[in-house]
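Enquirer: Here it is, the structure in full.
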Amino acid sequence: MIDKAEKKQFKVLEKPRQVHNADVLFDSNVIRANNPVAEQKLLELTALLVEHPDQGDVWFSLLSLSEMLAPKKTARQIEVLSRFQALYKRFRDRVKFFGPGRFSSVRAEWEGDGSFLYAKAESIDECVSASIEAGELVGVLKDIRNEWDGAKESIRQAYAEKAAECRADYESDPVFREAVVAGIAQFGTESVLDLCDDIVERLLVEVLGRPVGDLLLAKKSPSDYLCTWTYALLKRLADFSVTLTEQERETNFSQYGRLLVPDHNDFFDAYIASAGAQCGMLITDDEGLIVKLNALHDAHPSLVRLQGFTVADALIAYNPPNGRKRDRTKPLP
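In the numbering used here, the protein residues as written are 26 to 358.
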């Protein structure tokens, strides 16, 4: 995905990456209000993807849509929603929306028929257009935002409590501290499945209502359950990140760089990335998520198919799939 013959100034992309015949997942944070430069780059990248439909389908997460509607001011919500509509309409029938629910894709890959729950653009567009016309969120979009707003607060509260508990245990319990240190070292090794299997077990039993024995199936054929393992890996990485204090990371874990830097959106990112884990490319301006996803993708064994790119990096580096090369002598379409 990088043409080495050209001089580049990448934000996050640290080496050549290949993404062939892969669907594209867009994160909501690529849509910016009051940022014409960012909007222009996004439209240029969109034009490239539209020109090359063999890249695959273009996906958005309904959960990500909830995050996009987070601004408190109604005018800002409608502005972002209008830009969102302009974006997805450019892809026409290639657009699909994962959802509903935080674990819809995880559930779908366990149903056995290979199908995923999704909404077509026309069904979402009806709600989006109604809100834009009304000048405020109405109908389903209003419900989605209100429901997610409450759920988000609950998740963040649980995140804060988990952080306080883990940090206290890390400081006071040598056994817990040794387990964390050993666990972090297992990322990128064959033991990473064992490191995250408790998360998968809870998903299977508590969320999906499946027998605990299905955990063995998930570990035997991890490539068949990419949504499940993408969530588990990012969730465990978030657990480790929030356990370490800034001083501890700098003193004892500096070799991991940004991989262990926590963010209050880490758990949301795990939901959104797992929804589109069967895709090959995530377009997001969350640089921390990009670093984590790409590190997990490059691990051996790799249990993550999704690779992350900023809008700017993808725009610079993009080459069409199927071995064709983008004609860089032509202006962007």
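Where is the CB? At the ideal position from N, CA and C, for every residue including glycine.
1) Do the CB positions of LYS260 and ALA295 come within less than 7 Å of each other?
2) Quick one: is LYS97 buried, meaning 16 or more other Cβ sit within 10 Å of its Cβ, or exposed?
3) Ordered along the chain, which non-local residues of its own chain (more than five positions away) have a Cβ less than 8 Å from that of SER130?
4) Applying the 10 Å Cβ sphere with the 16-neighbour rule, what's the burial state of ARG349?
5) Check whether the Cβ of THR354 lies closer than 6 Å to any heavy atom of the ligand MN, and answer yes or no.
6) Does DSSP classify TRP84 as helix, strand or coil?
7) Which class does ALA183 belong to by DSSP, given the choice of helix, strand or coil?
8) Please state the DSSP three-state secondary structure of VAL44.
9) With LEU318 and LEU328 assumed to form a contact (beta carbons below 8 Å), what rounded beta-carbon distance in angstroms separates them?
10) Where does LEU94 sit, in a helix, a strand or coil, going by DSSP?
11) Quick check on ALA324: does DSSP put it in helix, strand or coil?
12) Which one of PHE334, LYS167, SER179, ASP118 has the shortest CA to CA distance from ALA147?
13) To the nearest angstrom, how far is it from the Cα of ALA359 to the Cα of LEU340?
14) Return helix, strand or coil for PRO346, following the three-state DSSP convention.
15) Do you know offhand how far LYS355's Cα is from PHE35's?
16) Output the distance between the C-alpha atoms of TYR184 and PHE116, rounded to the nearest integer angstrom.
17) Tell me whether ALA58 sits in a helix, a strand or coil according to DSSP, three-state version.
18) Counting along the chain, where does the beta strand (DSSP E) carrying LYS245 start and finish?
19) Relative to the C-alpha of THR150, which residue among ASP174, LYS121, ARG127 is closest?
20) Between which residues of its own chain and HIS336 is the CB-CB distance below 8 Å, once the five residues before and five after are set aside?
21) Starting from VAL120, trace the beta strand (DSSP E) both ways and give me its first and last residue.
22) Does the beta-carbon of SER197 have 16 or more other beta-carbons within 10 angstroms, so that it is buried, or is it exposed?
23) Who are the near neighbours of SER107 in its chain, counting only those whose CB is closer than 7 Å to its CB and skipping five residues on each side?
24) Would you mind reading off the limits of the alpha helix (DSSP H) that contains TYR250?
25) So, with DSSP's three-state summary, where would you put ALA128?
26) Confirm, please, whether the CB-CB distance from GLN110 to LEU162 is below 7 Å.
27) Which same chain residues end up closer than 7 Å to SER91 when comparing Cβ atoms and leaving out the 5 residues on each side of it in sequence?
Expert: This is what the structure holds:
1) Contact flag set, yes.
2) Looking at its Cβ environment, which holds fewer than 16 other Cβ atoms inside 10 Å, LYS97 is exposed.
3) PHE123, PHE141, LEU142, CYS252, SER299, ALA300, GLY301, ALA302, GLN303, listed in sequence order.
4) It is exposed - the Cβ of ARG349 has fewer than 16 other Cβ atoms within 10 Å.
5) Summarising the ligand content, the structure contains no ligands, and the ligand MN is consequently not present.
6) Under the three-state reduction of DSSP output, TRP84 falls in the strand class.
7) Helix, per DSSP.
8) Three-state result, VAL44: coil.
9) The Cβ separation is near 11 Å, so there is no contact.
10) The answer is coil: DSSP assigns LEU94 none of H, G, I, E or B.
11) In the three-state DSSP reduction, ALA324 falls in the coil class, being neither helix nor strand.
12) Per the sequence shown, the amino acid found at residue 147 is Glu instead of Ala. With distances taken between Cα atoms, GLU147 lies closest to ASP118.
13) Because the chain in this structure spans residues 26 to 358, residue 359 falls outside the shown range and cannot be described.
14) Three-state DSSP puts PRO346 in coil, outside helix and strand.
15) Taking the straight line from one Cα to the other gives about 21 Å.
16) TYR184 and PHE116 have their C-alpha atoms spaced approximately 36 Å apart.
17) Of the three classes helix, strand and coil, the one that applies to ALA58 here is coil, per DSSP.
18) LYS245: not part of any beta strand (DSSP E); member of the alpha helix (DSSP H) spanning 239-245, first to last residue.
19) Looking at the sequence provided, one finds Asp at residue 150 rather than Thr. Closest option to ASP150, Cα to Cα, is LYS121.
20) Residue 336 is actually Val in this sequence, not His. Excluding positions up to five away in sequence, the list reads VAL55, ALA63, LYS66, LEU67, LEU70, ILE308, ASP310.
21) Unbroken beta strand (DSSP E) run through VAL120: 120-123.
22) By the Cβ-count criterion, SER197 is exposed, with fewer than 16 other Cβ atoms from all chains shown falling within 10 Å of its own Cβ.
23) Scanning its chain for C-beta atoms nearer than 7 Å, with the 5 sequence neighbours on each side dropped, one finds around SER107 the residues ILE157, in chain order.
24) Neither: TYR250 is in no alpha helix (DSSP H) and is coded neither H nor E.
25) According to the sequence provided, residue 128 is Phe. The question's Ala does not apply to it. Under the three-state reduction of DSSP output, PHE128 falls in the coil class, being neither helix nor strand.
26) Not in contact: LEU162 and GLN110 (Cβ atoms no closer than 7 Å).
27) The residues are ILE169, ARG170, TRP173.
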